[in-house]
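Inspection log for the structure reproduced underneath, given as structure tokens.
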Amino acid sequence: MTLRLESGDDTVKSDYFEDAVLLAAGREPYALIEAAVTAAAALSGGARPLRDKQLPPNLDVFGWCSWDSFYSAVSASGLSDAVQSLASGGTPPRWVVIDDGWQCTEVDEPYRNIPTEQLKQKMLKDRNVGEKPGDAAQREAYLEGEMEALGQAARDVPAGTAMGAYLQEIRASGPPEDDEAPSGVDYHSLARQHAISSSVEEGPASPAKAKAPYRPLVIRASSTIFQYIVGLIFGFFQAFIVIFYQWVVDPAEHGTWPVNLFTYLTTGPLKGSMLQFFADSTNFTRRLTDVKANSKFSSPYASPDDISSGRREDLKAVVDHLRNRFNVDYVYCWHGLSAYWSGVSPDSAAVSKYGPKLHFPKPTPGLSEIEPSTAWNPGILGGVSIANNVDELFSDMHAYLSAAGISGVKVDCQAGVGLVGSALGGGPAAALKAHSALEDSIATHFKDNHAINCMCHSTENIYRWRDTAVARASDDFYPTDRASHIPHLAACAFNGVFLSPLALPDWDMFSSRHVAAEIHATARAVCGGPVYVSDAPGSHAFDVLRRLVLPDGSILRAKLPGRPTRDSLFRDVMRDGDTLLKIWNMNATGGIVGVFNLQGASWDRSRRRFHIHDSTKPELEALVRPTDVEVFRQQLEAAGCDVAGMLAAAAAAAAAEAAAGAQREAKLRQSSSSSSSSSSNSGAKRGSAAQRGSEQSLRVPLLAATRADGGSGSGSLAGSMLGSMDAVSSGSADDDTGSSPAGPPSAGVPASASASTSAASTATALGNGAGRGGNNGQPSSSNGNRNGSNGSSGTSSFVSSARASSSRRSAVSMPGLVAGGGVWDEDEEGGGAPSAAVPDFAVYVGATEELHRVSWDQGVLVSLEGWQGTVVTLAPISRFEYGGSSSHGLEFAAIGLSNMLNGGGAVCSVHAERLSPDGSMTQDTGRDDQPAGPQSPEQLLVHLTVRGRGTLLAYSSRRPQSCFVDGFEVAFHHVGERLSVEVPQVGSLHAGRSEQALVISY
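Oh and the sequence shown: position 234 is 234 in UniProt numbering, straight run, nothing missing.
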């Protein structure tokens, strides 16, 4: 290992750095990473672990962000238009992010004039180069022409590159390509944002409001056309430079002649021209001039054109309008860690009390080698003005926002703290000061910890997140950069492994009407983070959104940070041509695995851009097992299952099978008479051997663990594997009657994200290892012998009966596997010993709408075409006894709403009650204080708490008699063991509740 340490400041030098590296090793990857990262944070910056932080409530509702819709041309009317447009399709956003464009900012004075005005002032030797009355309209015309010319070159510059980031707004302002959704901004509105100061001066009329001297219409029109033509000329010249840069300079290595030449020109002879380009075309050299909003937020109906009105802001009226008219619950505002991209203006009276001072950063040698473009970064050329009184700056800004009704902030450009630190004692020192002030201000002014950290992946930032609990996991979602859409998901998944011990990863917004909308929506369904889009008004794919968003604007968010499964952690899911990415997560009553085919596109280090390296995008397949869900795996191991041995055996069998297949293919290719067979064989679906597993594991139960006969005289109702994620996290679980033995510690499961359990019946969760019909884990038939008394089925059947006289009880009440390592028999000495009985699992594949039944050591083969994804829902099958005989037992597992991507998140709880002949209810609690002797209940009621509406899918071994939702009888269909119940939103809608009570009667 080679270690390189840089203080970030030439004046900070040392021969010794304490606690520079932390090395950790272990066999449990998620627990290991959580322990290592939290330890490193405690040593390096004081960030508390996520499990100790409060998650903001906006995570559970659907959101909309203004950036990709309006960019810096965002206005109050644009917010209303976007929210109303989304609500009209049944997906109302209850969370709005006002991104870059609401603040008062300005470029430095030398760059506020157009070239012709600068030439005029120079010829007249006039030292006052500020804008004169009437200049704004001409500057707007000039910039519009310049942007149109630049826009032609911008279309060929990927947004994910250094130059693409500068031209992102100009690229989006042009006409969209065939597969792109239009944005809500054009060249004219964007030019106006850059032409007019967004500052609103107190007292006398500002330059934006001052009246221009009268000039005849012909002269004004001629002057405007002239400036537009001049802008086109300058724009075409800049476009030539952009193309040269993109194809010659950007791909060049550090220290080569293109980089050295461009560095010399931009930091020497062409420095002024470069800064003028940034001032005209980007926001990166603008500085904050006031902590208040600009004139585009002077009323709820203010438009982008109001930037030139000079009206005073009324952000509170804008926020009140969103809340009262559109039922928006949370509104965030964007700002930078340095307040704005280039800091705080040293020339503005409104911010002078914060002591802004201009610093000229210097990139470290290590950063320059990785990204040579930092040498001509806007902050390097123009400097960054840092507030000395940053505590007061954040406090005043956040107090103003909070008084206006803003719920929280999205804090961007945090990675720039390393650059700025080169003049402030190093990045860590600068980060300490900035984040301490930021965290204190957020805690003071925004209740419920409403904040998102953004562009923040240097450890000098990560380790300073003392209280804030959400962080962006990747670079921006770039709608116009096709090659970036797939690597974005891989970056979020793998970065999330490192980030999740300290913050909940935010996978960023996306666009619903987009070529990559389907796979991004699927990823948001399993990521466990916020779900929000950046659609322009009227540009939506509601068929995509309705699978993520409930009618009340809430979402079905998974309980944990989504992370790659163990067999994905060390695979190249973008470039090896074989591996599907699998991401696991948990809901309240089951687990989910997102499966994604990301092969074909990746970040190319030599090109310094996202690149599609394989346009064929091969169809691949992978095996999804219950053990892919880490919580299930830990509980299975605690129950005595040899998970590692089973996986090793399956991988070895798969490798042998792959080798044999390769030999067969080689022989076929050598035989000219078998050309057609060879062609057929070579077109077979591919997948990594580790993820496919062996074909034998699909067809034959691999009984890696001994299963115990449940017997007929004991057992509780439906055992719990899920237990509670609290139990998994803390290592223990309690029931009504006492403490159950501790289970294994959690693999990175934050206690704050634990699932709630049902308060009713307890369950012992026993499934059987036989009785499944068909290969590949297909649903078993409803007439199998697994319902027989004593579990006798001709082969090993391990169904335990659940009678009122049960002497066994489980630790928790949620259907699933046994918590704490097994089912505990109190008849045995010493309080009982764990058995190795575990349930089978119902597995639902969203892409094919197929329902399977598998044992813990089996799986379902999932096949995906390129750049596609699906959600696989896994639920432990519970056994409920009723009717006085085990022959009347019910095996049941709730899958969830089949019309939602994470339909399993709709099921909040499951419990059962038996209805006695006299009509009284008996809860199946598994307690041994129930009356002894035979019982003869005639009915079983399964109660589910469900969020949302649609078709609820469940595994049910018996056909129910009836189904009721909030007291209303509803239709259902039962075929084989597949139960579908139509869940309309009825009583809960009128009662203002988000949950509904579903009762299934047997």
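All residues carry an ideal CB built from backbone N, CA and C; glycine is no exception.
- Query: Under the three-state reduction of DSSP, which class applies to M586: helix, strand or coil?
  - Reply: Position 586 of the sequence shown, counting from 1, holds the residue named residue 586. The answer is strand: DSSP assigns M586 an E or B state.
- Could you tell me whether the stretch 140 to 155 touches the stretch 222 to 242, using the rule of 3 or more Cβ pairs below 8 Å? When C-beta atoms of the stretch 140 to 155 are compared with those of the stretch 222 to 242, three or more pairs fall below 8 Å, so the two segments count as touching.
- Item | Spatially closest choice to R609 from T161, A399 and G967, by CA coordinates | Indexing the sequence shown from 1 puts residue 609 at position 609. That would be T161, whose Cα lies nearest to the Cα of R609.
- Task: Note down the Cα distance separating S800 from R879, rounded to an integer number of angstroms.
- Result: For this step, residue 800 is matched to residue 800 along the sequence shown. For this step, residue 879 is matched to residue 879 along the sequence shown. Note that S800 scores a pLDDT of 27, beneath 50, so its modelled location is shaky; the value from the coordinates is reported in the next line. Distance between the alpha carbons of S800 and R879: 8 Å.
- Query: beta strand (DSSP E) containing A471: first to last residue?
  - Reply: For the purposes of this step, residue 471 is identified with residue 471 of the sequence shown, where counting begins at 1. From DSSP, the beta strand (DSSP E) with A471 extends over V470 to R472.
- What number of angstroms, rounded off, separates the C-alpha of E460 from the C-alpha of P428? As a working note, residue 460 is residue 460 in the sequence shown. As a working note, residue 428 is residue 428 in the sequence shown. One C-alpha to the other measures close to 5 Å.
- Which listed residue (G528, Y532 and D576) has its alpha carbon closest to that of K559: By one-based count along the sequence shown, residue 559 stands at place 559. The shortest C-alpha separation from K559 is found at G528.
- Message: Quick check on the DSSP output: what are the complete beta strand (DSSP E) runs of length 3 or more inside the stretch 36 to 83, in order along the chain?
- Response: Complete beta strand (DSSP E) runs here, min 3: 62 to 65.
- So, E106 versus T289, is the Cβ gap smaller than 7 Å? As a first step, residue 106 is located in the sequence shown; it is residue number 106 there, counting from the start. As a first step, residue 289 is located in the sequence shown; it is residue number 289 there, counting from the start. Yes, these two residues count as a Cβ contact at 7 Å.
- So residue 1003 is in the alpha helix (DSSP H); what residue range does that whole segment cover? Not covered by the structure: residue 1003. The range shown for the chain is 1 to 1002.
- Neighbourhood of S395 by C-beta distance below 6 Å, restricted to the same chain and skipping five residues each side: Here residue 395 refers to the residue found at position 395 when the sequence shown is read from its first residue. Taken in chain order, the residues that qualify are S441.
- Message: Which of the three DSSP states is assigned to Y142 in this structure?
- Response: In the sequence shown, counting from the first residue as 1, residue 142 sits at position 142. Three-state result, Y142: helix.
- Query: Is it the case that the Cβ atoms of G896 and G904 are separated by a distance below 7 Å?
  - Reply: Against the sequence shown, residue 896 aligns to sequence position 896. Against the sequence shown, residue 904 aligns to sequence position 904. In this structure, G896 places its C-beta atom within 7 Å of the C-beta atom of G904.
- Query: For H943, does the three-state DSSP call read helix, strand or coil?
  - Reply: The sequence position of residue 943 within the sequence shown is 943, counting from 1. In the structure shown, H943 sits in a strand (DSSP, three-state: E or B).
- Item | Three-way DSSP call (helix, strand, coil) for R625 in this model | What you label residue 625 is simply residue 625 of the sequence shown in a count that begins at 1. In the structure shown, R625 sits in coil (DSSP, three-state: anything other than H, G, I, E or B).
- Item | Those residues which DSSP pairs with V872 across a bridge | Position 872 of the sequence shown holds residue 872. The beta-bridge partner set that DSSP reports for V872 consists of V593 and V845.
- Message: Along the chain, where does the beta strand (DSSP E) containing P356 start, and where does it finish?
- Response: Position 356 of the sequence shown, counted from the first residue, corresponds to residue 356. If you look at P356, you'll find it in the beta strand (DSSP E) that goes P356 to H359.
- Whole angstroms is fine: what's the gap from D552's alpha carbon to N58's? Within the sequence shown, residue 552 is the residue found at index 552, counting from 1. Within the sequence shown, residue 58 is the residue found at index 58, counting from 1. Roughly 14 Å between the two C-alpha positions.
- Task: Please name the residue or residues paired with Q103 in a DSSP beta bridge.
- Result: Position 103 of the sequence shown holds residue 103. Under DSSP, Q103 shares a beta bridge with A293.
- Query: In angstroms, rounded to a whole number, what distance separates the CA positions of L424 and P356?
  - Reply: In the sequence shown, the residue the question calls residue 424 occupies position 424. In the sequence shown, the residue the question calls residue 356 occupies position 356. Each residue's Cα considered, the two are about 13 Å apart.
- Query: Is I229 helix, strand or coil when you go by DSSP?
  - Reply: In the sequence shown, counting from the first residue as 1, residue 229 sits at position 229. DSSP places I229 in helix when its eight states are reduced to three.
- Query: Do A149 and F236 have their C-beta atoms within less than 7 Å of each other?
  - Reply: Stepping through the sequence shown from its first residue, residue 149 is reached at position 149. Stepping through the sequence shown from its first residue, residue 236 is reached at position 236. Yes, these two residues count as a Cβ contact at 7 Å.
- Item | Three-way DSSP call (helix, strand, coil) for Y532 in this model | The residue given as residue 532 occupies position 532 in the sequence shown. Y532 falls in the strand class under three-state DSSP.
- Quick one, which of S402, V351 and N377 has its alpha-carbon nearest L393's? The residue you call residue 393 lines up with position 393 of the sequence shown. Answer by Cα proximity: V351.
- Can you tell me which of Y111, T374 and G343 puts its alpha carbon nearest to the alpha carbon of T266? Start at 1 with the first residue of the sequence shown, and residue 266 comes out as number 266. Answer by Cα proximity: T374.
- Message: Below 8 Å on the Cβ atoms is my contact criterion, and I expect W64 with Y532 to pass it. Report the Cβ-Cβ distance as a whole number of Å.
- Response: Looking up residue 64 in the sequence shown gives position 64. Looking up residue 532 in the sequence shown gives position 532. Contact between W64 and Y532 holds: their C-beta atoms lie close to 6 Å from each other, under 8 Å.
- Task: Check whether the Cβ atoms of I386 and G416 sit closer than 7 Å, and answer yes or no.
- Result: Within the sequence shown, numbered from 1, the residue matching residue 386 stands at position 386. Within the sequence shown, numbered from 1, the residue matching residue 416 stands at position 416. Going by C-beta atoms, I386 is not nearer than 7 Å to G416.
- Message: Quick test of the definition: if touching needs 3 or more C-beta pairs under 8 Å, does the stretch 361 to 378 touch the stretch 439 to 454?
- Response: Touching, no, given that fewer than three Cβ pairs across the two stretches are closer than 8 Å.
- Residues that DSSP places opposite S878 in a beta bridge: Locating residue 878 in the sequence shown gives position 878, counting from the first residue. DSSP output for S878 lists F892 as bridge partner(s).
- Local Cβ density within 10 Å of D52, reported as buried at 16 or more and exposed below that: Within the sequence shown, numbered from 1, the residue matching residue 52 stands at position 52. Looking at its Cβ environment, which holds fewer than 16 other Cβ atoms inside 10 Å, D52 is exposed.
- Message: One question on the structure: do V907 and L944 come within less than 7 Å of each other, judged by their Cβ atoms?
- Response: Here residue 907 refers to the residue found at position 907 when the sequence shown is read from its first residue. Here residue 944 refers to the residue found at position 944 when the sequence shown is read from its first residue. Cβ atoms of V907 and L944: closer than 7 Å.
- Going by the CB atoms, is the gap between P346 and L358 shorter than 7 Å? Position 358 of the sequence shown, counting from 1, holds the residue named residue 358. Position 346 of the sequence shown, counting from 1, holds the residue named residue 346. Yes.
- Grab me the residues of P744's own chain with a C-beta within less than 6 Å of its C-beta, minus the 5 sequence neighbours each way, in chain order. Numbered from 1 along the sequence shown, position 744 holds the residue referred to as residue 744. Bear in mind that the predicted position of P744 carries a pLDDT of just 34, short of 50, making it unreliable; the figure below should be weighed with that in mind. Here the set comprises Q634 and A638.
- Message: Judging by CA-CA distance, which residue of E865, A655 and N324 is the nearest neighbour of S615?
- Response: For the purposes of this step, residue 615 is taken as residue 615 along the sequence shown, with counting starting at 1. When only C-alpha atoms are compared, the closest one is E865.
- Message: Pull the bridge partners of residue 1063 from the DSSP assignment, please.
- Response: Outside the displayed range of the chain (1 to 1002) lies residue 1063, so it cannot be described from this structure.
- R94 versus D391 - alpha carbon distance: Locating residue 94 in the sequence shown gives position 94, counting from the first residue. Locating residue 391 in the sequence shown gives position 391, counting from the first residue. Roughly 31 Å separates the two Cα atoms.
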